[in-house]
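Q: Numbered by mature numbering (1 follows the signal peptide of the UniProt record, and there is no 0), the letters in the sequence shown go through residues -20 to -1, 1 to 990 in order. Where a beta carbon is used, it is the ideal one built from N, C-alpha and C, also for glycine. Quick one: the structure is below, questions incoming.
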Amino acid sequence: MEFLLLLCLLSFRVFTPAYSNDWLSHGGNLLNRRFAEKETKIGPETVSQLRLKWKFEAGRDITATPSVFEGRVYFPSWDGYLYAVKQSDGSLIWKQNLQQLTGINSTRVISNVNVTASRTTPTIADDLLIIGISGPAFVVAVKQSNGELVWSTQLDDHPAAVITMSGTYYDGNFYVGTSSLEEVVSIEECCIFRGSFVKLNTKTGKILWQTFMLPDNFGNRDKYAGAAIWGSSPPIDVTRNLVYVATGNLYSAPQNVIDCQERQNNETQVAPTHSDECVEPDNHSDSFLALDLDTGNIKWFHQLGGYDVWFFACFNISVPDCPPGGPNPDADFGEAPMMLTIYVNGTTKDIVVAVQKSGFAWALDRDDGNIIWSTEAGPGGLTGGGIWGAATDEKRVYTNIANSDGKNFTLKPSTRNTTGGGWVAMDATNGQVLWSTADPTNGTVSGAVTVANGVVFGGSTYKEGPVYAMDGKSGEILWSYNTGATVFGGMSVSDGCIYVGHGYRDWLSHGGNLLNRRFAEKETKISPETVSKLGLKWKFEAGRDITATPSVFKGRVYFPSWDGYLYAVKQSDGSLIWQQNLQQLTGINSTRVIFNVNVTASRTTPTIADDLLIIGISGPAFVVAVKQSNGELVWSTQLDDHPAAVITMSGTYYNGNFYVGTSSQEEEVSIEQCCTFRGSLVKLNAKTGKILWQTFMLPDNFGNRGEYAGAAIWGSSPPIDVTRNLVYIATGNLYSAPQNITDCQERQNNQTQVAPTHSDECVEPDNHSDSFLALDLDTGNIKWFHQLGGYDVWFFACNNLSVPDCPPGPNPDADFGEAPMMLTIYVNGTTKDIVAAVQKSGFVWALDRDDGNIIWSTEAGPGGLTGGGTWGAATDEKKVYTNIANSDGKNFTLKPSTRNTTSGGWVAMDATNGQVLWSTVDPTNGTVSGPVTVANGVVFGGSTYKEGPVYAMDGKSGEILWSYNTGATVFGGMSVSDGCIYVGHGYRVSFGIFNPNFTAGNTLFAFCIS
């Protein structure tokens, strides 16, 4: 999970008054020094005594430097919440969902963020907190006491505008810059955004002035655009009545400037300097500026980047229609300047200092902007160089060097080189590099640094998330701690404690997280280059087959087995923590509707829900919650009392509630007995198990046969769209239909002899079989639906349509055996939010999340009675990956070749248009019925072949990079966490008993990078 961690000294010898050293903003205070100047408990002699005091779990990554004030710690998370916790023990005081609080809908310009979220440090402003939103570009003020909204103000209505700078509060006003993600658009669409700096009244949110960094382009492309103000927090010079900022690169420039650069290139072949003749006076990109606090007028500026026109589509400047290279180093300032005073030859000099993404540090005179000194602290790169915030104690200037491009970085005073990131200290009086310390993990170092009483703190983006304390004089590492996941934010320091957030790598549900992508997005150990090093770490033997994807959380692995038990084992060695017999635990007696299963059992992934696990029972249709700590029962709730009803979908937990669908085995009854079950989606209170709403997929049949029945919701886990307040599902086929519908199909067959399409006239509007649906989270009302199966009335006794009294065909049994996945694609530079799922027919559908319209559809492979695609696809937003079971043994053409197979395999498609990129056959010629998983460019899948092979494939090509025979049929999916994969085997239950190639097993395996 995502943690905010508090690390404190074990014992204290010096005591200071309470709240004497609070941390009020990203930069700590008005000077933006990131210097805990009142800190006395932490020092080079005591820092080794830092220990974890508490940790607080949010719903997603935490990258902001926390603010600390009057016994509280405030921070946002990328889960879309703003949190307040107690400084003493990390207990929650309040949390606010930013979308629900403000009514602001995310513009989703941040990759992999579909909620209204903030990355800025909450700035303390009297009794308020003020934060910026990462699209749209709003600033929001809430009460410190309870998080209640006071005001919200939009600073820029550009669709790609965001607030990433953490602002500064002074004298009743708030100062902050605007930034954007317009750099990611296509060449044709680039660019019109202009960075600006804004002053707001903190009581009302009224904009008092706004100063733009570039001339007005009047919304026209091919003019000046860019110059974002995006990192750190701006310092306030009370004496001079000034505020200082530093800006980013240009995205575009006028034709005369481009022509100037072309001439300069042709004449000199030398990269321009900061005095470049192609930089016009009103181009304030890559600049320091001093602005008047009262008017916003620019008192002085200094341009330090030269000609620097850069955006992502022109990362390679040889691309046609890109601006000429200068080169275009993307050498913006990703931080505001720091204010300090130095002593040179007995004379004081007030300066501002900031470090550029180029790796250069600049010190300028606060009176006129003249350069006092400049130093190359380390190599620059696309994401740094220096970034997000340097620090100073006025003796030295400390910075991170991300070294994102992996260049040679010479460590001083030695001459040793590294290609990783590190930290650098410079003499504040002249910029001389005093020491450089490499990140011992060879990771990049992208987070802001902090200094406190001679100790420098920094974190690493390395997968284990180490944080370090270094001696300010020498750079020697005095202390370190592995947080468990990438550290991208900075640390605040207060009263002997440091506060820092990080990311996560746990696997919380069948789909991994709220998006149902089955994508281990934080995985770094496993890659196409390392996956061949996977080896068996441990295995755990249960009493019978294991087909659920395990969940992984806080060092534990949770899974059910068809032996009727729920298990918790240690992630480290597979040793048993606890096991619970579900019948004995719950008192629920099995309805024995699953073939070859006579015990109360579950096949669902245990969903992590705060301190609970929630699972579904495979008949009767109960949902059960137990404590993670010991498996003790908390509640059980029956969702459907139909005798054939079961829970096979693995639910999703969000914001205190649990969402899950109902299914049934009624398809197996005789013709005379079929059918009355209706699928439904249910919302339950996760604390009590109370049903909050239940939405059925078909009209009420009042228990009468010969009416609508079926439309089960049975595979995968439903994704939650926090921004739209929706949950998405996909449904199964009909078991029966009213007489008017079967008569309609008879007429259609007689007239056309052509199978109906999804616009079939025999499909009535309230028949939500074989459909995608979007339901409101609060009410369960259907916002939109799209029926994609046409007339499809199927049950087992009528698998052969020639049987008397069966409904007319064709009835392909083309249901969805998985919930949709949520992803965002980019088409011609424009984002589109979609949901995608694979049908048992072998067709893949991508629909617009706003209205359910089809964006694309693709036949990934042949369909069949049990698939086609089933139980769960995966996506990394670049590609969509699926299994193709090919259960009927049809011809399956492998692309890009034209070779055919009659077995199952795996398919990858372009997420933007559905084009099949590759198909890989199961080498054993088995079917492939289990869900797929993707992690860092590697796709994992298993085979139902009797030896139970599992495979790792290259996500780009489909090439098999690694395999392992587990010894029995693999029908479930794999979870991935921290360099390990977890998978169970065996499938001689349900329809598995009818397939002679399926074999029984009882083992959960952990394979880890050795």
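#1: So, is Gln725 buried or exposed, given that buried needs 16 or more other C-beta atoms within 10 angstroms?
#2: Curious, which full-length beta strand (DSSP E) runs of at least 3 residues does the stretch 449 to 536 contain?
#3: Between Cys988 and the rest of its own chain, which residues show a CB-CB distance below 6 Å, the 5 nearest in sequence each way excluded?
#4: Taking the C-alpha atoms as reference points, what is the distance between Pro911 and Ala97?
#5: At which residues does the alpha helix (DSSP H) containing Gln29 begin and terminate?
#6: Within the stretch 56 to 131, note down every full beta strand (DSSP E) run reaching 3 residues or more, in order along the chain.
#7: Taking 8 Å as the limit between beta carbons, can you name the residues of its chain near Ser970, skipping five residues before and five after?
#8: Quick one: what's got a C-beta closer than 6 Å to Phe118's C-beta in the same chain, skipping five residues either side?
#9: What residues in its chain sit with their C-beta under 8 Å from that of Phe765, if we drop five residues either side in the sequence?
#10: On a Cα-Cα basis, can you pick out the residue from Gly847, Thr878, Val918 that is closest to Thr855?
#11: Where are the beta strand (DSSP E) runs, 3 residues long or more, that stay fully inside the stretch 885 to 973, in chain order?
#12: Using 8 Å as the threshold, is the C-beta distance between Ser160 and Ala226 below it?
#13: Run the CB neighbour count on Leu99, radius 10 Å, all protein chains shown included, and call it buried at 16 or more, exposed below.
#14: By alpha-carbon positions, which one of Glu647, Val614, Pro261 ends up nearest to Asn622?
#15: Expressed to the nearest angstrom, what Euclidean distance is found between the alpha-carbon atoms of Thr82 and Leu62?
#16: From Leu4 to Gly152, what distance separates their C-alpha atoms?
#17: Are at least three pairs of beta-carbons, each pair with one atom in the stretch 523 to 532 and one in the stretch 822 to 832, less than 8 Å apart?
#18: Going by DSSP, which residues form a beta bridge with Val333?
#19: When you compare only the Cα positions, how much space is there between Pro540 and Phe872?
#20: Report the residue from Ile762, Thr838, Glu857 whose alpha carbon sits nearest the alpha carbon of Tyr806.
#21: Restricting to Cα atoms, I'd like to know which of Gly659, Gly683, Pro600, Tyr545 is closest to Arg572.
#22: Can you tell me the Cα-Cα spacing of Ile352 and Ala341, whole angstroms?
#23: Going by CA-CA distance only, name the one from Gly822, Leu845, Thr846 that's closest to Thr838.
#24: Where in the stretch 655 to 727 do unbroken runs of the alpha helix (DSSP H), each at least 4 residues long, occur, reported from the N-terminal end onward?
#25: Applying the criterion that 16 or more other CB atoms from any shown protein chain within 10 Å of the CB defines a buried residue, is Pro446 buried or exposed?
#26: From residue 1009 to Glu169, what does the alpha carbon distance come to, in whole angstroms?
#27: Count the CB pairs spanning the stretch 178 to 186 and the stretch 106 to 125 that are closer than 8 Å, and state whether there are at least three.
#28: Can you pull the DSSP bridge partners for Thr855?
#29: Apart from the five residues just before and just after Pro530, which ones in its own chain have a Cβ nearer than 6 Å to its Cβ?
#30: Output the boundary residues of the alpha helix (DSSP H) element that contains Thr566.
#31: Starting from the Cα of Ala891, find the closest Cα among Ser416, Thr45, Met801 and give me that residue.
#32: Where does Ser68 land, buried or exposed, given buried means 16+ other C-beta within 10 angstroms?
#33: So who's on the other strand from Leu271, going by DSSP bridges?
#34: Below 8 Å between beta carbons: does that hold for Leu757 and Val815?
#35: Taking the continuous beta strand (DSSP E) assigned at Val649, which residues delimit it?
#36: Closest by CA to Ser644, which one among Leu495, Ile721, Ile90, Thr711?
A: So, from the data block:
#1: As a first step, residue 725 is located in the sequence shown; it is residue number 745 there, counting from the start. By the neighbour-count rule (16 or more Cβ atoms within 10 Å), Gln725 is buried.
#2: Under the rule that a run must span 3 or more residues, the beta strand (DSSP E) segments found entirely inside the stretch 449 to 536 read 457 to 462, 472 to 474, 477 to 481, 514 to 521, 531 to 533.
#3: Walking along the sequence shown from the start, residue 988 turns up at place 1008. Contacts found: Lys517, Gly959, Cys960.
#4: Numbered from 1 along the sequence shown, position 931 holds the residue referred to as residue 911. Numbered from 1 along the sequence shown, position 117 holds the residue referred to as residue 97. Those two C-alpha atoms are separated by around 31 Å.
#5: As a working note, residue 29 is residue 49 in the sequence shown. First-last for Gln29: undefined, no H or E at that position.
#6: 61 to 66, 72 to 77, 103 to 105, 108 to 112, 117 to 123
#7: Reading the sequence shown from its first residue, position 990 is the one you call residue 970. So the list reads Ile574, Phe575, Asn576, Val577, once near-sequence residues are dropped.
#8: Numbered from its first residue, the sequence shown carries residue 118 at position 138. Result list for Phe118: Ile84, Ser132, Gln134, in chain order.
#9: Residue numbering aside, residue 765 sits at position 785 when the sequence shown is read from its first letter. Within the same chain, Phe765 has close Cβ partners His748, Ser751, Phe752, Leu753, Ala754, Gly832.
#10: The residue labelled residue 855 in the question sits at position 875 within the sequence shown. Among Gly847, Thr878, Val918, the Cα nearest to that of Thr855 belongs to Val918.
#11: For secondary structure counted as the beta strand (DSSP E) over 3 or more consecutive residues, the stretch 885 to 973 holds these complete runs in sequence order: 885 to 890, 896 to 901, 913 to 915, 918 to 922, 929 to 934, 940 to 945, 955 to 957, 960 to 964.
#12: For the purposes of this step, residue 160 is taken as residue 180 along the sequence shown, with counting starting at 1. For the purposes of this step, residue 226 is taken as residue 246 along the sequence shown, with counting starting at 1. No; because the gap between Cβ atoms is not below 8 Å, this pair is not in contact.
#13: Here residue 99 refers to the residue found at position 119 of the sequence shown. The sequence given here places Arg at residue 99; Leu does not occur at that position. Answer is buried; the Cβ neighbour count reaches 16.
#14: Here residue 622 is taken as the residue at index 642 of the sequence shown, counted from 1. Checking the sequence, you will find His at residue 622 rather than Asn. Nearest option by C-alpha distance: Glu647.
#15: Here the question's residue 82 lines up with position 102 in the sequence shown. Here the question's residue 62 lines up with position 82 in the sequence shown. One C-alpha to the other measures close to 12 Å.
#16: Along the sequence shown, read from residue 1 onward, the residue named residue 4 stands at position 24. Along the sequence shown, read from residue 1 onward, the residue named residue 152 stands at position 172. Taking the straight line from one Cα to the other gives about 15 Å.
#17: no
#18: As a working note, residue 333 is residue 353 in the sequence shown. Under DSSP, the beta-bridge partners assigned to Val333 are Met318, Ala343.
#19: In the sequence shown, residue 540 corresponds to position 560, counting from 1. In the sequence shown, residue 872 corresponds to position 892, counting from 1. Each residue's Cα considered, the two are about 34 Å apart.
#20: Taking the first residue of the sequence shown as 1, we reach residue 806 at position 826. Of the candidates Ile762, Thr838, Glu857, the one whose C-alpha sits nearest the C-alpha of Tyr806 is Glu857.
#21: Residue 572 sits at position 592 when you count from the first residue of the sequence shown. Of Gly659, Gly683, Pro600, Tyr545, the residue nearest in Cα terms is Pro600.
#22: Position 372 of the sequence shown, counted from the start, is the residue given in the question as residue 352. Position 361 of the sequence shown, counted from the start, is the residue given in the question as residue 341. Taking the straight line joining both Cα atoms gives about 11 Å.
#23: Translated into the one-based positions of the sequence shown, residue 838 becomes position 858. Considering only alpha carbons, the answer is Gly822.
#24: none
#25: Here residue 446 refers to the residue found at position 466 when the sequence shown is read from its first residue. With 16 or more Cβ atoms within 10 Å of its Cβ, Pro446 is classed as buried.
#26: With the chain covering -20 to 990 only, the question about residue 1009 has no answer from this structure.
#27: yes
#28: The residue labelled residue 855 in the question sits at position 875 within the sequence shown. According to DSSP, Thr855 bridges with Val860.
#29: Within the sequence shown, residue 530 is the residue found at index 550, counting from 1. Cβ within range, chain order: Val537, Phe539, Ser955, Tyr962.
#30: For the purposes of this step, residue 566 is identified with residue 586 of the sequence shown, where counting begins at 1. From DSSP, the alpha helix (DSSP H) with Thr566 extends over 562 to 566.
#31: Sequence index remark: in the sequence shown, residue 891 carries index 911 (1-based). Checking every option, the nearest Cα to that of Ala891 belongs to Met801.
#32: Locating residue 68 in the sequence shown gives position 88, where the first residue counts as 1. The residue is exposed, with fewer than 16 neighbouring Cβ atoms inside 10 Å.
#33: On the sequence shown, residue 271 is found 291 positions in, with the first residue counted as 1. DSSP output for Leu271 lists Val223, Ile278 as bridge partner(s).
#34: The count along the sequence shown starts at 1 and reaches residue 757 at position 777. The count along the sequence shown starts at 1 and reaches residue 815 at position 835. Contact: no.
#35: The count along the sequence shown starts at 1 and reaches residue 649 at position 669. Looking at the DSSP string, Val649 is not in any beta strand (DSSP E), and its letter there is neither H nor E.
#36: For this step, residue 644 is matched to residue 664 along the sequence shown. Nearest of Leu495, Ile721, Ile90, Thr711 to Ser644, Cα basis: Thr711.
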